[in-house]
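Peer 1: Anchor point for the sequence shown: position 40 equals 287 in my numbering, and the numbering is continuous, going up by one each time.
Quick one: the structure is below, and I'll ask about it shortly.
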Amino acid sequence: MKKVSLFLFRHKNREQIGIDFKFDLQIKETLKQLEAVRWTKTHGCFYVPANRKILHELSEHLRKNHIIMNQSLLDFSKIPEEKTVEVNNEKIVGYHRYLKGLRHSESTICTYMSFTEKFLRFHNFKEEYSETDVARFVEAEIAEKNYSISTHRQCISALKHYFDLSENAAFDTTQLKRPKKSSYLPSVLSKEEILDILRVTRNLKHRSVLALIYSSGLRIGELIKLELKDIDVDRRQIQIKQSKGRKDRYVMLAESFLPLFFNYVQTYEPKRFFVEGYQGSQYSSSSIRSFLKESSARAKIRKRVTPHTLRHSFATHMLENGTDLRYIQALLGHAKPETTMIYTHVTRHDLTKIESPLDRSLKDLLDKGATDNGNPNLRLSRNILG
248 MKKVSLFLFR
258 HKNREQIGID
268 FKFDLQIKET
278 LKQLEAVRWT
288 KTHGCFYVPA
298 NRKILHELSE
308 HLRKNHIIMN
318 QSLLDFSKIP
328 EEKTVEVNNE
338 KIVGYHRYLK
348 GLRHSESTIC
358 TYMSFTEKFL
368 RFHNFKEEYS
378 ETDVARFVEA
388 EIAEKNYSIS
398 THRQCISALK
408 HYFDLSENAA
418 FDTTQLKRPK
428 KSSYLPSVLS
438 KEEILDILRV
448 TRNLKHRSVL
458 ALIYSSGLRI
468 GELIKLELKD
478 IDVDRRQIQI
488 KQSKGRKDRY
498 VMLAESFLPL
508 FFNYVQTYEP
518 KRFFVEGYQG
528 SQYSSSSIRS
538 FLKESSARAK
548 IRKRVTPHTL
558 RHSFATHMLE
568 NGTDLRYIQA
578 LLGHAKPETT
588 MIYTHVTRHD
598 LTKIESPLDR
608 SLKDLLDKGA
618 TDNGNPNLRL
628 SRNILG
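As structure tokens, this is what we get:
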């Protein structure tokens, strides 16, 4: 049977569900029958809005046409049940203009508008709101639906902005607190594991993609949008244009990557983008995730590995090699040094200098003359003192 794979990506400043498949005229015509399906030339794929109702319609449509749908790459926590914002109320229209005036991104405006309209409708557009009103809404909308901490924070931010504009809060809105951010340590591969992945990646294009992501610390979106004209071989630099936070930056082009780069370009002859999909379109992020997953399995790496794991590994290894944190921050494109500081918690640079109490205890026993059948190297797999 024919098969398509679904993946989440950002397009037009909002979450979309991409539909990836090896070119097939029947699949293409089947997708075009659905009104919600669109084509993006930028990403080179069909897509639908990240909406559970639309996802269900797509699933049913493909099933009826005997097409298998792979959803393993989807993060369902990021797919809302519905996200329709009707700008038909005077208060909401004014709030929309206010957010645009603050120069927020379309994605942020859409999120804030959605939460604020739900809040206003929840309380039937009353004239004044108390702290209890906010608590009741949060309990009904956030807690019951088990939204993430980051979504909860967005909701509070949206309401704070609304109260700043409308001035109809009967309480001190500065006391409206956002929950603390969740703190997760990034997953990092060892240098040996990185090399193992590159060794077992037989396809030249795939190996070039993974090597560039790791050696330059790129985000997957930056890699996909990277154009050949932005790769400066002479200066050993790559210009990343208008990435996260609408910022440009330069990253390094590794000397050891150049032979692989020249071989790849001569073999595949890309025209515009560093890596190209069907008919010169942008490459699919789901394809990168897929072949990275396969390479990780061949390298016998059990931990979950994503393209962003390679970026995390780049930063951690740079820190372990003694690179100043400020340079790493600039290379990664982080706005705040606190974001880069997370890598200090996973680096082995200082941990290797700390001795485990178990190692110390075994050494103390050795100093006292204890041996394992004459072998001075004590083994935990046997009785230490015989």
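Every residue, glycine too, gets a C-beta built ideally from N, C-alpha and C.
Here the structure is a predicted model, which means the values were calculated and not measured.
Name the two residues that bound the continuous alpha helix (DSSP H) containing Pro296.
Peer 2: First-last for Pro296: Cys292 to Pro296, but that is the beta strand (DSSP E), not the alpha helix (DSSP H).
Peer 1: Near Arg425, which residues of its chain fall below 8 Å by C-beta distance, leaving aside the five closest residues on each side in sequence?
Peer 2: Excluding sequence neighbours, Arg425 sits near His399, Arg400, Ile403 and Ser404.
Peer 1: Go ahead and pull the three-state DSSP assignment for His258.
Peer 2: In the structure shown, His258 sits in a strand (DSSP, three-state: E or B).
Peer 1: In the DSSP output, which residue or residues are listed as bridge partners for Ala416?
Peer 2: According to DSSP, Ala416 bridges with Tyr376.
Peer 1: Strictly by DSSP, which residues pair up with Arg368?
Peer 2: Looking at the DSSP assignment, Arg368 forms no beta bridge with any residue, so it has no partner.
Peer 1: Lys540 lies in the alpha helix (DSSP H); which residues open and close that run?
Peer 2: Taken as a continuous stretch (DSSP letters only), the alpha helix (DSSP H) holding Lys540 covers Ser532 to Arg545.
Peer 1: Between which two residues does the beta strand (DSSP E) holding Val498 run?
Peer 2: Its beta strand (DSSP E) spans residues Lys494 to Met499.
Peer 1: Which residue's Cα is closest to the Cα of Arg213: Thr277, Thr355, Ile471 and Leu349?
Peer 2: The chain is shown from 248 up to 633; residue 213 falls before or after that span and cannot be answered.
Peer 1: By DSSP's criteria, Phe520 is part of a beta bridge. Which residues make up the other side?
Peer 2: According to DSSP, Phe520 bridges with Glu474.
Peer 1: Have a look at Asp479 and Glu516 and give me their C-alpha separation to the nearest angstrom.
Peer 2: Spanning the two alpha carbons is a distance of roughly 17 Å.
Peer 1: Is the beta carbon of Met588 sitting closer than 7 Å to the one on Ile575?
Peer 2: Cβ distance not < 7 Å, so Met588 and Ile575 don't count as in contact.
Peer 1: What do you get for Asp481, buried or exposed, if any count of 16 or more other CB atoms within 10 angstroms of its CB means buried?
Peer 2: Looking at its Cβ environment, which holds fewer than 16 other Cβ atoms inside 10 Å, Asp481 is exposed.
Peer 1: When DSSP builds the beta bridges, which residues end up paired with Gln318?
Peer 2: Partner(s): none; Gln318 has no beta bridge.
Peer 1: For Ala387, does the count of other Cβ atoms within 10 angstroms reach 16, so buried, or fall short, so exposed?
Peer 2: The residue is exposed, with fewer than 16 neighbouring Cβ atoms inside 10 Å.
Peer 1: Considering Cα atoms alone, identify which of Val295, Arg466, Gly527 and Ser397 is closest to Val498.
Peer 2: Among Val295, Arg466, Gly527 and Ser397, the Cα nearest to that of Val498 is on Arg466.
Peer 1: Whole-angstrom Cβ separation of Val456 and Val522, contact assumed at under 8 Å?
Peer 2: The Cβ separation is near 5 Å, so the contact holds.
Peer 1: Give the DSSP-derived three-state secondary structure of Gln489 in the structure shown.
Peer 2: Reduced to three states, the DSSP call for Gln489 is strand.
Peer 1: Taking 8 Å as the threshold, find out whether the segment 542–552 comes into contact with the segment 445–463 through three or more Cβ pairs.
Peer 2: Counting Cβ pairs under 8 Å, three or more are found: they touch.
Peer 1: Three-state secondary structure (DSSP) at Thr358?
Peer 2: DSSP places Thr358 in helix when its eight states are reduced to three.
Peer 1: Can you give the beta carbon distance from Leu406 to Thr556, rounded, assuming they're within the 8 Å contact cut?
Peer 2: The Cβ separation is near 35 Å, so there is no contact.
Peer 1: Evaluate Asn335 with the Cβ neighbour count: other Cβ atoms within 10 Å of its Cβ, from every protein chain shown; 16 or more gives buried, anything less gives exposed.
Peer 2: Residue confidence for Asn335 is low, a pLDDT of 48 falling below 50, so the modelled location carries little weight; the figure read from the coordinates is stated next. Burial call: exposed.
Peer 1: Using DSSP with H/G/I as helix, E/B as strand and the rest coil, what is Lys610?
Peer 2: Reduced to three states, the DSSP call for Lys610 is helix.
Peer 1: Can you give me the C-alpha to C-alpha distance between Lys518 and Tyr431, rounded to a whole angstrom?
Peer 2: Each residue's alpha carbon lies about 40 Å from the other.
Peer 1: Kindly identify the DSSP beta-bridge partner or partners of Arg285.
Peer 2: DSSP, once it has assigned bridges, lists Tyr294 as partnering Arg285.
Peer 1: Mind reading off the beta-carbon distance from Tyr511 to Leu451? Whole number of angstroms is fine, and I expect it under 8 Å.
Peer 2: About 6 Å; that satisfies the 8 Å criterion.
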